[in-house]
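In my numbering, the protein residues as written are 589 to 799.
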């Protein structure tokens, strides 16, 4: 991804994070989703590659989730959860293209699974009627993290992005279902933007190197 896109993404992400003390405010979904729309545009401007449609779809559904959660209507959390779950499914399918299991990463895979499983067990008594939806979501994001480790070529930038995504969603879950804390929104959005940036730039650089 070109330097101009990178700088623009940083400016847009920091701009929305700076407005979090007032969010949600009228039209706050616009600056919130702007960095994600920029990633879609940058991906579409990159040379065509196998899986580009999957990447665009994953970013798109993430952006849709951003908008849905910011609108705060009845059932918005479930709708946002479904949108982000769909995004992770597209990421999983993208990562599985040409995937191969690496025995050398077996321990890393167990570690990658242990965190979301541990988070699920910790939150389980606090989830109430959300137990099954959250369990499904955690299963999908855990799959996204594991498949990022076993792509056709190991890309640490993409893996770091997947880890950042798990961290972001874990902070969100702790804040919503266990105990709210004042800096949660800043941590959620910072790690979320970082996750999307690392995954997208990692994939695009990988494809550029192959060209």
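Ideal Cβ positions, reconstructed from N, Cα and C, are used throughout, including at glycine.
Cβ-Cβ separation, residue j to residue i (assumed contact under 8 Å), whole Å
i, j, result
"residue 672", "residue 653", "4 Å"
"residue 596", "residue 626", "6 Å"
"residue 735", "residue 756", "Contact doesn't hold; Cβ gap of about 18 Å is too wide."
"residue 634", "residue 792", "5 Å"
"residue 744", "residue 700", "Not quite, the Cβ-Cβ distance comes to about 13 Å (not below 8 Å), so this is no contact."
"residue 740", "residue 687", "6 Å"
"residue 601", "residue 646", "The Cβ separation is near 18 Å, so there is no contact."
"residue 661", "residue 715", "No, residue 661 and residue 715 are not in contact; Cβ-Cβ is about 21 Å, not under 8 Å."
"residue 725", "residue 657", "Wrong, their Cβ atoms sit about 13 Å apart, outside the cutoff."
"residue 593", "residue 622", "That pair is no contact at about 13 Å."
Bounding residues of the alpha helix (DSSP H) (the contiguous stretch that carries residue i)
i, result
"residue 732", "719-737"
"residue 621", "617-633"
"residue 793", "772-798"
"residue 649", "640-659"
"residue 668", "664-684"
"residue 636", "Counting along the chain, residue 636 falls outside any alpha helix (DSSP H), and DSSP gives it neither H nor E."
"residue 593", "591-606"
"residue 687", "From DSSP, residue 687 is part of no alpha helix (DSSP H); its letter is neither H nor E."
"residue 753", "744-761"
Evaluate contact between the region 679-690 and the region 632-645, counting only Cβ atoms and requiring at least three cross-stretch pairs below 8 Å. yes
Decide yes or no for the touch test of the region 783-795 against the region 742-757: beta carbon pairs closer than 8 Å, at least 3 of them. yes
If contact is defined by three or more beta carbon pairs under 8 Å, each pair taking one atom from either stretch, is the region 699-716 in contact with the region 725-732? yes
Can we say the region 595-612 touches the region 768-778, given the rule of at least three CB pairs closer than 8 Å? yes
For the region 689-717, which segments carrying the alpha helix (DSSP H) assignment without a break, of at least 4 residues, lie completely within its bounds, in sequence order? 694-715
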